[in-house]
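Only one structure is covered here, and it is reproduced in the block below.
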Amino acid sequence: MSKMLFEKSVEGRKGVSLPAMDVPAVDMPANLKRNKLAEIGEYSELDVVRHYTNLSLKNFSVDTHFYPLGSCTMKYNPKVCETVARFDGLAAIHPMMPVSGGLDMCQGALELIYELENHLSEVTGMSATTLQPLAGAHGEMLGIMLIASYHRAKGNKKKYVIVPDSSHGTNPATASMMGYEIITVKTADYGDMDLDEFKEKMNDEVAAVMMTNPNTLGVFNPYIKEISEVAHAHDAMLYYDGANLNAILGKVRPGDLGFDVVHVNLHKTYATPHGSGGPGAGPVGCSAKLEPFLPQPRVVKTGDKFSLNYDKENPRITSYFGNYGVLVKAYTYALMMGSDGLKDVAEKAVLNANYIMQKLKPYYDLPYDKTCMHECVFSASRQVEKGVHALDIAKGLIDRGFHPPTVYFPLIVPEAMMIEPTETESKQTMDEFIDAMIEIAGIVDTDPDSLHHAPVTRPVTRLDETQAARQVNVRYQKDA
Amino acid sequence: MKFTPHTAQEVAEMLGTIGVSEIDDLFAPIPAELKTEGLDLPKGISEPEAVRQLKKLSGKNKADMTCFLGGGVYDHFIPSAVDAISSRPEFYTAYTPYQPEASQGTLQALYEFQTMMCEMTGMEASNASMYDGGTALAEAALMALRISKKRNKIVIDSSVNPVHKKIVETYLSFLDAEVIDVVYGSGESVEKYIDGTVAGFLFQNPAFDGTVQDFTDIVAKVQADKSVAVASVYPISLGAVKSPGEMGFDVAVGDGQSLGNPLSFGGPYFGFMTTTKKHIRNLPGRITGKTVDTEGRDGYVLTLQAREQHIRRAKATSNICSNQSLCAMNGLFYMALMGSKGLEDVAALCKSKAEYAKEKLAELDGVSVVNDGITFNEFVIELPVNASEVCAKTAKNSILAGIPFGHYVEGAENKLLVAITEQRTKEEIDSLVSEIGGAI
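Going down the list, the sequences are from chains A and B.
Mapping to this note's numbering: the first sequence position 79 is 79, numbers consecutive.
In this note's numbering, each residue carries its 1-based index in the second sequence increased by 480.
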């Protein structure tokens, strides 16, 4: 195991040199002054670079490994997007630069926001888009806020949000964070929210129905139009969780399906890197009736000039304009894709997922056996009979050089393995992955115990998560 | 430019395996009448064309200004090594470390990040980042409501940035919760709200007008009343200013932009949140913990996941999923490179230069410093004329003089919020003074 950085500290080392003080030194008065310095340690630049470069080598990533993590859309992140996001005119400008008073100091920055908003409105079929939400779940929160604001303005008394049992955890978590009670509808054998149960549970106190379409089983809901009509008949809004938008780019638009609000995960669909967990970006599109409730400030265009409109009554969900650096990358990707490229993305993503599904079907159980969209969900239930679980298969894949699929999600599939190859992976890479999955299925019959010990090729073997939760240790302490 | 590698022959082979004749057959589950006829967007362009277009947009922004803007985002020096390390694709093209054996790099880095944030804020536990400073404060208010269970009031002190106040109000406006706003300049103290009914009190240090305070006494009173005391802090100031831990706060939050993240027109930055051991299970977001593997070796995992949305769903402590990991790692690399001593030096440079600027500006006819207390690197001056007009004039000579204070406070049109970082030389400060002198 690697030493902690802190164990490498040597008093007197310096990693950065700063200009000398060119004004008289003034200290904080004693009553406001920090007594004990933060113990960060002292290192040379090389100490720091080498420590973290070596740590980085312990990671799997898209650039180094196939990463079919279902629902996360781990596609390739084009390098040009990294380059442009570092242009001084985009990276070195302060968000409070003056935009008015005849000072056109950041017209290009505002133009990019305006253009990307319009692009996303067209792709999702919505009447307006804001780029402010800082992640998918932040977008969900804004979406539910828009819906709540709409009902409040109309005097509607609403208490509930309906979610299918296959939904992402963020859906019920968000609705609950916004003060709603959750009604869950189970999944029918056709692989999506049971239409009859949905109709039964629908009532006038339902504020919103949150759907992912295609859903987390990779199934496109065949009754979506009917769901939309039933919801709207009760003045409930239909929310589109854009986690799986990659599957339908240029094929069908949420707005045309009757959705009132959409969030888009730019770190999934628009190829911005996932950054070991973030930053993402979760722009929200909405229909005309929700547009008045969008958060301030809005970028507006008058003639050929862009400016900011702060409507003081409207909510604020972040301090500025969103994760701007991420938006720059997404916009660059959007330009390179264009209408033809986006459609190609959806086609190849769906082709890849169906290819893997077809190839692995003889070896693993497929609870919803039908044409899938961008991802397919297998169950390890057959392997469980031999004592091998989805987790063991995942760890076996790590030893074979593949990042595992999402496991144990969606919750409605026992021993779920959710595979999303994305469109950027080649047939060769997928064939190697398929071979590894088939090899593992064989080992389940011949030497199941070996999988319980996987992985054996990484810097650590399986880690004790129970101990981590019981003897909580979340920070280094010198004497511990 | 497309990034799909498929040749026509491969597509044909794959379709054959699947047992359909064309790709469109795979989209049959979508009812035909719902399909779009095609997006009304231009066709895709090549990489060099995209670069040219972005260069053009970039060129329309003035990046070569001398910046005295702050308001929560500051023009600090970023060592080259920060971007060099975070440009490792093993970090930036990985995702949340759900599979710890394939993510020890990220996990150990985040554990070190948590350690450093605890050290900086003087607290005992940290999460692995929030979205930004404003949303971290809103999450801290929600955390206070969870801890206090039956209480539903949050009091926000006048020191808190009005934009952050608005974010907290927005987050709480859909819940059964009441936000009490102690308005800046009202002269009111939060003390009168300590009455056994408040879940949490939110403070900011330095205040958004730059004033530094010692909140130790008020924190003790808040806690004696079983309320949660939250501090929003500017991490660079913590190289000089008494930490939230030293003042006894229960929760510390803030925006980590100043730690190694470029200005980038408002983001991505990162929020942080630290607390005491007692409240660790009420933290929102990802937390990295240390444990052992089957061979007894040290290793790191995401821990206390039973708080989180993917497990607890509607009962989670927060809906947060993606956070701002890579920005937090920029913060980690920055703090490591600066070291304990470097962080103290940066704070000393900021404080000293700001004192110099304050003194010189106050010497101008008709200009006075508004803060009546000690400041760190930011302060408000009163001008004899409209601050926006002064900024427009100095901008013509490439100086961004500050943020017109009217942006935050009504009726403050003649006031200007000025921030000084270690990046500003004495010469630049002198030009700021003479430009403002010339503009009034």
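The C-beta atom is built at its ideal place from N, Cα and C for all residues, glycine as well.
Since we're looking at a predicted model, the values are computed, not measured.
| Check | Outcome |
| --- | --- |
| Members of the segment 830–849 of chain B that neighbour chain A once the beta carbon cut-off is set at 8 angstroms | K831, S832, K833, E835, Y836 |
| Cβ pair S723(B), R34(A) closer than 8 angstroms | yes |
| Three-way DSSP call (helix, strand, coil) for Q296(A) in this model | coil |
| I791(B), buried or exposed, once every other Cβ within 10 Å from all chains shown has been counted against 16 | exposed |
| Within 8 angstroms, strictly: CB atoms of V284(A) and P133(A) | yes |
| Residue interval of the alpha helix (DSSP H) (run including F444(B)) | Coverage of chain B is limited to positions 481 through 920, which leaves residue 444(B) absent and any answer about it impossible. |
| Near-chain A residues of the segment 861–886 of chain B (beta-carbon distance less than 7 angstroms), N- to C-terminal order | S868, C871, A872, A875, L880, I883 |
| Min CB distance N156(A) to chain B below 8 angstroms | no |
| Buried versus exposed, by CB contacts within 10 Å (16 or more), V865(B) | exposed |
| Where H263(A) sits in the DSSP three-state scheme | strand |
| Residues that T487(A) bridges to, as DSSP identifies them | Any answer about residue 487(A) is impossible in this case: the structure gives chain A only from 1 up to 480. |
| Short CB-CB distance (under 8 angstroms) between S723(B) and chain A | yes |
| Partners in chain A for E824(B), counting only beta-carbon separations shorter than 7 angstroms | L37 |
| Within-8 angstroms CB hit, G734(B) to chain A | no |
| Neighbour list for H403(A) in chain B, Cβ cutoff strictly below 8 angstroms | Q579, A582 |
| Whether I356(A) touches I393(A) by CB criterion (8 angstroms) | no |
| Min CB distance S56(A) to chain B below 8 angstroms | yes |
| Proximity winner among Q107(A), T406(A), D47(A), relative to K305(A) (alpha-carbon distances) | Q107(A) |
| From K478(A), N31(A), T424(A), residue whose alpha carbon lies closest to that of D697(B) | N31(A) |
| Identity of the residues DSSP links to V161(A) by a beta bridge | I182(A), A208(A) |
| Assigned secondary structure, L549(B) (DSSP; H/G/I helix, E/B strand, else coil) | coil |
| L829(B) - DSSP class collapsed to helix/strand/coil | helix |
| Cβ pair count under 8 angstroms reaching 3, the segment 612–631 of chain B against the segment 809–822 of chain B | no |
| Among F60(A), C81(A), D399(A), S100(A), the one whose alpha carbon lies nearest that of C871(B) | S100(A) |
| Interface residues of the segment 377–389 of chain A facing chain B [CB-CB below 7 angstroms] | none |
| N- and C-terminal bounds of the beta strand (DSSP E) containing G751(B) | 751–755 |
| Within 8 angstroms of chain A by C-beta, residues of the segment 786–801 of chain B in sequence order | A786, E788, Q789, H790, I791, R792, R793, A794, K795, A796, S798, N799, I800, C801 |
| Short CB-CB distance (under 8 angstroms) between M494(B) and chain A | yes |
| Reduced DSSP category for A468(A) - H, G, I as helix; E, B as strand; rest coil | helix |
| Nearest residue (CA-CA) to L215(A), options D464(A), I412(A), V206(A) | It should be pointed out that residue 215(A) corresponds to Asn in this sequence rather than to Leu. The option with the nearest alpha carbon to N215(A) is I412(A). |
| Host beta strand (DSSP E) of Y368(A) (start-end) | Run containing Y368(A): none; DSSP gives neither H nor E here. |
| E775(B) and T461(A) closer than 8 angstroms at C-beta | yes |
| Beta-carbon proximity list for L844(B), same chain, < 8 angstroms, skipping 5 on both sides | V913, I916, G917, I920 |
| Beta-carbon gap between F859(B) and G811(B) smaller than 8 angstroms | no |
| Short Cβ contact (8 angstroms threshold) for D555(B) with H151(A) | no |
| Cβ of P78(A) within 8 angstroms of any chain B Cβ | yes |
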